[in-house]
Every structure is written in C-alpha cells, then in structure tokens.
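Residue numbers (this note's numbering), protein chains in the order written: chain H, 1 to 345; chain Z, 346 to 676.
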C-alpha cells in the first residue's frame, strides 16, 4: 500500500527524513507570524483535531475495533477545560483539568472496555459504544446546571490566555502546535513499543496472537485506555482554542469527525491523521465561509457534505486520500502501459 | 389495579413500536449478516413521509368536501405540512378518515421500501461480509439522510394530531385505555405473526434460510440469492418506515432526532434479545417496553440510563442475549 510505505515508521528515521521533519517544523514555527487571527484559529484546530484523529487511529487502525463513543472522551475534555478555566483562567487550573480528564478517561476507558470487549464482536461493540455515546450526550443535555444544556457553556474570560504561558492567539497557536508534537511522539512511542507491536499482531490475526500466549483482552484494554486519554486531552486543549463547550462535541458528529480524519489520512498510519485533520477542518471552514457569503439554506448543514464525502471515501478510497491517490496512479500507469502495448501490436 | 392495566397497555404499545424497528434490524442482521446503522434514518423518513402525506391528502380532501374549511398553521421548509380547520360541528365520515390514514401509511412504507432497495443496490451491495465497512458506510448514510430530512422539512419540531378515529380514551373500571395504544399492540402482533409465517412457511423464508447455511448450493440450483437479499433488506427498511409512521402520531411531536433515539432502542433490543434472533427481538421489545414504562413510573430520573444499563449488564454477563438466542453468524 503506497500510503503505508510513505508514512511508515517501522524503520529507524534516517538523516534526510530528520532534516525534512526539522524543516517542516521550522516552517510551522515561522508562518504564524504572518497569519490573521482566523487563520491562527484554524491552524490550531487542525493541530488538535490531528491528535484526536490519532487517538482514534490507535484504536481503529491498530486494533481494528470501531468505537462509536470516542466523542464521549473528547467532549468531556472540552467540558472539563471550560469548567475549570471558568474558575480561573491560568495554567494551574489547566493542569488540574488535565489531571481530572486524565483520571476520568482512564476510568471511563476501563469501564467501556469491560462492557465492550467481553463479547469480542465488532457489531456488538459498535452498537454499544454508539448507545453509550448517545446516553452521555443525553445526560449532558439534561444536566443544565453544569453543562448549560443545549445552549452550551462559554468560557467567561474574554481574553485568549493561559497565564503565564501565553496571552494571545499566536501563543495559543504555539501551544497547540507543541501539543501536537508532544502527543505525536508519545503515541508513536506507544505504537512502536512492544505493546504496540502486540496490538498490530491482534489486528492482523487475533486468534494467532492469542495462541502465542498474549492476553489479547488486556492489550485491547490498554489500547482503549490510551486512546481515551489522548482523546480527552485533545478535547481539553480544544477548549482553550474554541473557548466554548456544547453537546455537539459529545455527539456522534464528533465521532464521525474522528472517523473521517483517519479515513482521509488512511487508517493505521498515525501521521495520516495530521493530513486528515487539515483536510477535514479546511472543508468545514470553507463551507462556513461559503454559507456566510452565499447564505444558502443547505449550507447550514455541513454534515450533509462532510457525510457524503465520508460515504464516498468508504466506498472508493478505503485506504485514504493518499492511498487512493497511489491506487489511481497505479491504475493510470497500468492503463497507459496496456495502451502502449496495444498500439505496438 | 387500574393503574397497572394502564401501564401494561402503555408498555406493550411501546414494545410493539420498538418491535417494528428492532425486527427489521434483527432480520437483516440474522439473515444477511449486515448491521444497519442507517435504520434510524429509515424510521425517520417513514415518520416524516407519513406526516407529510397524511396532512397533504387530508387538506385536499377536506377542502373538496367543505367549502368553508380553512387551512391553518403550516410547518416545514421545502415541503410543508399544513393542518386544516373543519367548519364547526362538521366531521369527515369514518371511512374517508380511514382511507386517508391508510393511504398515508402506504405512501410512507412504500417510500421507505424504495429507499431500502436503493440503499442496498448502491451501498450495502458492496460491503457484504465486511462488517467494519458496513458500520462505517451505514453510519455515514444515517448522518447524511437525517440532515436531508432537516433540509426538506426544517430542523424545528412541530406538533401533529392523531387520526380522529384513533384519538379516543376509554375508561374501563379505573383503567384509562388509550385507543392508539391498543391499535399499536394489534399492529405489532399482526406484523409479528406475518413475519413469523414468512420466515418459517414461505418460499422466501426457505430460500433465505438455505442461503444462510450454504449460499453456493442455493446458487447452484438456479436461485438468484442476491435478489432475495435486496428484497429482505428493503422489507426490513419498510418495517422501520412503518414504525416511524406509527410513532409520530403516538408522541404527537415530530422531531428529527427521533431516528437516532429509536435506533438506539432497537440496538438495545437486539443486544438484549440476542444478536440476529427474531424471537429474541420480539421478547426483547416487550421486555424493554414494559420496563421503560415501569421505570418512568417509579424512578423517572433513571429512565435515560436504565436501558443502556440493562444492555451493558446483558453484554457483560449474558453475551448471547437475555434469552440466549443469538445467531452465531452475526458476529
């Protein structure tokens, strides 16, 4: 698979790759200086949703398990962030929120794994996680005193700040970017670790992994917990950027976003999520802009377009945009070759 | 005593409604090994199509019948739903109301049946035997087609009326029996018997059961099993559509989130009853309906989480369903 070769990190990174990576990071450190606020916000969203996508990829790409309740953790992170920062808008309360969401995600992930992994079936797991997600959203919608119900919960402080770290949008951009880099390294280390290897073995052939003596249940539980923690943390940082929490972040819409991000980037590639996040966020932004300038009623339903795109991807490019691009290229080359032989005949 | 009778009737009516939804889901899962996450959307389309066609037909009939009738409030967006005010003291004859009701049901069920055919041909066809792809693709369909409903009929909820001849309440002793609930129970029973007959006695059922065990043999004796699969999927969709059509007058309030909510109820039934088992989904629906009413009566605060709690417990301790009826192929 083309995308896997390009994005694989099975081998040790060599020098040209490292240089390219350093150059890329430098570019992303410099360009925000020339950006408007709206662009800064979009870039920050891309970075954070990339981490969210990776958290999903750990689960789906590396264990083959489809969790339709991933948004529970992401949304809880957003709510936790807004609630804590509403008490006091600084780094210490952010750290407390981080500790809380970390603990909550570990516990939540563990409970979820107990319910879902027991049967082992993908069907039952998907149905149950969907139901869990909807129920959490339902509770959040009714628990108005804490979550603000359907109106949502805005961050009261008008300034973008996490003192003493930063007090501007530009600072928030760097914060999100560093978050992305740190989480990428952490998750990459997890995937490359012996545990991650076992997870890949489970994805390829669970029975064989079990016969080799691995407690597959335990490894899947670990994957689920790591994934929920990463999703929860990305939600928390997202709260700093969007400064608003509503039940949408807990709903199937955001689970679908994660699915779409991994689908665009190609599942099981980890880095693909960055590309996927950029694409998905850009499309949604584009639709919003279009809505503002054209005012068409239909543009008020971005999921209509995003969802259609998602269906098309599942049907025609299950390997992701990049994978699909390589498939298309191969097909084209094959066709040209065969045409060439035809004409010589 | 009276309260208990009322509650049991309510619970059974809820159960009958859930059954219409869950049976289609369960048949598709058990017979074809396809999990349909778009079932709630089919339910929603059935509901909206029923409401729209019922009001559209009734408006025209009433306007033709009484010259002094006035159209009243309208809801909707691209397509609108408009009620009509009869002249004081006048009613439509029972037969006319009945024909309108049945016609609207037929429009709804027929439309959703066709939707099922199209979905199967366009999407499901490509993903037989690949469960993850089924989940992903039907989930996408769910989201897109729910939003299409919002585009066509607007995102806001609106109230509707029941057909007048089903709108009454009888008081038997101290029990209050809502006529519409009795009607739902009857429909549920009739449908259950029909499905059971088809699955066990008819040629279609035979072919499908054979196809489940050994598709190659069935194909070898010259039966186009693909066409049967298409019909089964569309029939399951039509059941969901019927469920949606009957659901809207029950709650009297048309909301676009009803599809997802009822889909989750159906999922819970399918898990509790045992994946892919028709009998299981029948028993599970009754169980869930009665339990829902009982909990809403005793501990209303728990009603949101109770269903999911039941499902979680069943999955943890009885993965083959409460009645141990799961069909192994579904996994």
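Just so you know, even glycine gets a beta-carbon here, dropped at the ideal spot from N, CA and C.
When you compare each of Z:357, Z:368 and Z:346 to residue 587 (chain Z) by their alpha carbons, which one comes out closest? Reading the second chain from its first residue, position 242 is the one you call residue 587 (chain Z). That would be Z:368, whose Cα lies nearest to the Cα of residue 587 (chain Z).
Closer than 8 Å between beta carbons: that is the criterion. Which residues of the region 176-201 of chain H meet it against chain Z? Hits within the stretch: zero.
Residues of the region 615-634 of chain Z whose Cβ lies closer than 8 Å to any Cβ of chain H, in chain order: Residues 615, 616 and 620.
If you run the structure through DSSP and keep just helix, strand and coil, what is residue 665 (chain Z)? As a first step, residue 665 (chain Z) is located in the second chain; it is residue number 320 there, counting from the start. Three-state result, residue 665 (chain Z): coil.
Test: residue 55 (chain H) CB closer than 8 Å to a CB of chain Z: Start at 1 with the first residue of the first chain, and residue 55 (chain H) comes out as number 55. Residue 55 (chain H) has a beta carbon lying at 8 Å or more from every beta carbon in chain Z.
Is there at least one Cβ from chain Z nearer than 8 Å to residue 206 (chain H)'s Cβ? Locating residue 206 (chain H) in the first chain gives position 206, counting from the first residue. Not flagged as an interface residue toward chain Z: residue 206 (chain H), since no C-beta distance is shorter than 8 Å.
For the putative contact between residue 426 (chain Z) and residue 390 (chain Z), defined by C-beta atoms under 8 Å, what is the C-beta separation to the nearest angstrom? Here residue 426 (chain Z) is taken as the residue at index 81 of the second chain, counted from 1. Here residue 390 (chain Z) is taken as the residue at index 45 of the second chain, counted from 1. In this structure residue 426 (chain Z) does not touch residue 390 (chain Z) by the C-beta definition: roughly 14 Å separates them, more than the 8 Å allowed.
Residue nearest to residue 424 (chain Z) in terms of C-alpha spacing, selected from Z:608, Z:612, Z:493 and Z:509: Position 79 of the second chain, counting from 1, holds the residue named residue 424 (chain Z). Measuring from the Cα of residue 424 (chain Z), the nearest candidate turns out to be Z:493.
Where residue 461 (chain Z) falls: helix, strand or coil (DSSP): For the purposes of this step, residue 461 (chain Z) is taken as the residue at position 116 of the second chain. In this structure, residue 461 (chain Z) counts as helix in the three-state DSSP scheme.
What are the boundary residues of the alpha helix (DSSP H) that includes residue 379 (chain Z)? As a working note, residue 379 (chain Z) is residue 34 in the second chain. Here residue 379 (chain Z) belongs to no alpha helix (DSSP H), and DSSP marks it neither H nor E.
As assigned by DSSP and simplified to three states, the class of residue 245 (chain H): Here residue 245 (chain H) refers to the residue found at position 245 when the first chain is read from its first residue. When DSSP states are grouped into helix, strand and coil, residue 245 (chain H) belongs to the strand group.
Whole-angstrom distance between residue 128 (chain H) and residue 657 (chain Z), CA atom to CA atom: Numbered from 1 along the second chain, position 312 holds the residue referred to as residue 657 (chain Z). Numbered from 1 along the first chain, position 128 holds the residue referred to as residue 128 (chain H). If you take the alpha carbons of residue 657 (chain Z) and residue 128 (chain H), they lie about 8 Å apart.
For chain Z, is any of its Cβ atoms less than 8 Å away from the one on residue 311 (chain H)? As a working note, residue 311 (chain H) is residue 311 in the first chain. Yes - at least one Cβ of chain Z is within 8 Å of the one on residue 311 (chain H).
Tell me residue 360 (chain Z)'s beta-bridge partners as DSSP assigns them. Counted from its first residue, the second chain places residue 360 (chain Z) at position 15. None, per the DSSP bridge assignment.
Specify the secondary structure class of residue 3 (chain H) as computed by DSSP and reduced to three states. Your numbering for residue 3 (chain H) matches position 3 in the first chain. Confidence at residue 3 (chain H) is low in this model, with a pLDDT of 36, below 50, so the placement of that residue should be treated as unreliable; the coordinate-derived value is given next. Reduced to three states, the DSSP call for residue 3 (chain H) is helix.
Residues in its own chain within less than 6 Å of residue 361 (chain Z) by CB, not counting five upstream and five downstream? Walking along the second chain from the start, residue 361 (chain Z) turns up at place 16. Beyond the five residues adjoining it in sequence on each side, residue 361 (chain Z) comes within less than 6 Å, by CB distance, of 529, 530 and 533 in the same chain, given in chain order.
Name the residue from H:335, H:227 and H:280 whose alpha carbon lies nearest to the alpha carbon of residue 108 (chain H). Numbered from 1 along the first chain, position 108 holds the residue referred to as residue 108 (chain H). It is H:227.
The alpha helix (DSSP H) spanning residue 515 (chain Z) covers which residue range? Along the second chain, read from residue 1 onward, the residue named residue 515 (chain Z) stands at position 170. Judged by DSSP secondary structure, residue 515 (chain Z) falls outside any alpha helix (DSSP H) and instead within the beta strand (DSSP E) spanning 514-517.
State the start and end residues of the unbroken beta strand (DSSP E) segment that holds residue 416 (chain Z). Taking the first residue of the second chain as position 1, residue 416 (chain Z) is located at position 71. According to the DSSP assignment, residue 416 (chain Z) belongs to the beta strand (DSSP E) that extends over 415-421.
Could you please give me the residues that DSSP links to residue 162 (chain H) through a beta bridge? Within the first chain, residue 162 (chain H) is the residue found at index 162, counting from 1. In DSSP, residue 162 (chain H) forms a bridge with H:166.
Answer yes or no: do residue 637 (chain Z) and residue 668 (chain Z) have a C-beta to C-beta separation smaller than 8 Å? The residue labelled residue 637 (chain Z) in the question sits at position 292 within the second chain. The residue labelled residue 668 (chain Z) in the question sits at position 323 within the second chain. Cβ distance not < 8 Å, so residue 637 (chain Z) and residue 668 (chain Z) don't count as in contact.
With DSSP as the reference, label residue 522 (chain Z) as helix, strand or coil. For the purposes of this step, residue 522 (chain Z) is taken as the residue at position 177 of the second chain. In this structure, residue 522 (chain Z) counts as strand in the three-state DSSP scheme.
Would you mind stating whether residue 634 (chain Z) and residue 357 (chain Z) have Cβ atoms separated by less than 8 Å? Numbered from 1 along the second chain, position 289 holds the residue referred to as residue 634 (chain Z). Numbered from 1 along the second chain, position 12 holds the residue referred to as residue 357 (chain Z). Yes, Cβ-Cβ distance for residue 634 (chain Z) and residue 357 (chain Z) is below 8 Å.
Spatial neighbours of residue 549 (chain Z) within its chain, please: C-beta separation below 7 Å, excluding the five flanking residues on both sides. To locate residue 549 (chain Z), count along the second chain from 1; it is residue 204. Within the same chain, residue 549 (chain Z) has close Cβ partners 543 and 573.
Measuring alpha carbon to alpha carbon, tell me which residue in H:210, H:71 and H:274 is nearest residue 322 (chain H). What you label residue 322 (chain H) is simply residue 322 of the first chain in a count that begins at 1. With respect to the C-alpha of residue 322 (chain H), the residue from H:210, H:71 and H:274 having the closest C-alpha is H:274.
Would you say residue 485 (chain Z) reaches chain H, if we count a Cβ-Cβ gap shorter than 8 Å as a contact? Walking along the second chain from the start, residue 485 (chain Z) turns up at place 140. Interface residue, yes.
Step through the CB atoms of chain H and report whether any lies within less than 8 Å of the CB of residue 675 (chain Z). Position 330 of the second chain, counting from 1, holds the residue named residue 675 (chain Z). Low confidence applies to residue 675 (chain Z): its pLDDT is 38, below 50, so where it sits in the model is not reliable, and the reading given next is rough at best. Yes, residue 675 (chain Z) counts as interfacial toward chain H.
Are any of the Cβ atoms in chain H nearer than 8 Å to that of residue 677 (chain Z)? Outside the modelled stretch of chain Z, which goes from 346 to 676, sits residue 677 (chain Z), for which no answer is possible.
Along the chain, where does the alpha helix (DSSP H) containing residue 430 (chain Z) start, and where does it finish? The count along the second chain starts at 1 and reaches residue 430 (chain Z) at position 85. Segment 425-430 is the beta strand (DSSP E) holding residue 430 (chain Z); no alpha helix (DSSP H) there.
C-alpha gap between residue 467 (chain Z) and residue 352 (chain Z), whole angstroms: Mapped onto the second chain, residue 467 (chain Z) falls at position 122. Mapped onto the second chain, residue 352 (chain Z) falls at position 7. Computed Cα separation, rounded: 43 Å.
Compare the Cα-Cα distances from residue 160 (chain H) to each of H:132, H:176, H:98 and H:283 and report the closest residue. Translated into the one-based positions of the first chain, residue 160 (chain H) becomes position 160. The residue with the shortest Cα to Cα distance from residue 160 (chain H) is H:176.
When we look at the beta-carbon of residue 57 (chain H) and count the other beta-carbons within 10 Å, is it buried (16 or more) or exposed? For the purposes of this step, residue 57 (chain H) is identified with residue 57 of the first chain, where counting begins at 1. When all chains shown are included, residue 57 (chain H) counts as buried.
Below-8 Å beta-carbon distance, residue 561 (chain Z) vs any chain H residue: Sequence index remark: in the second chain, residue 561 (chain Z) carries index 216 (1-based). With a threshold of 8 Å between beta carbons, residue 561 (chain Z) makes no contact with chain H.
For a test of the three-state rule: what should DSSP assign to residue 67 (chain H), helix, strand or coil? Numbered from its first residue, the first chain carries residue 67 (chain H) at position 67. In this structure, residue 67 (chain H) counts as coil in the three-state DSSP scheme.
Residue range of the unbroken alpha helix (DSSP H) whose run includes residue 591 (chain Z): Against the second chain, residue 591 (chain Z) aligns to sequence position 246. For residue 591 (chain Z), the uninterrupted alpha helix (DSSP H) segment begins and ends at 570-596.
DSSP bridge partner residues for residue 154 (chain H) (one or two, in chain order): Sequence index remark: in the first chain, residue 154 (chain H) carries index 154 (1-based). According to DSSP, which records beta bridges pairwise, residue 154 (chain H) is partnered with H:244.
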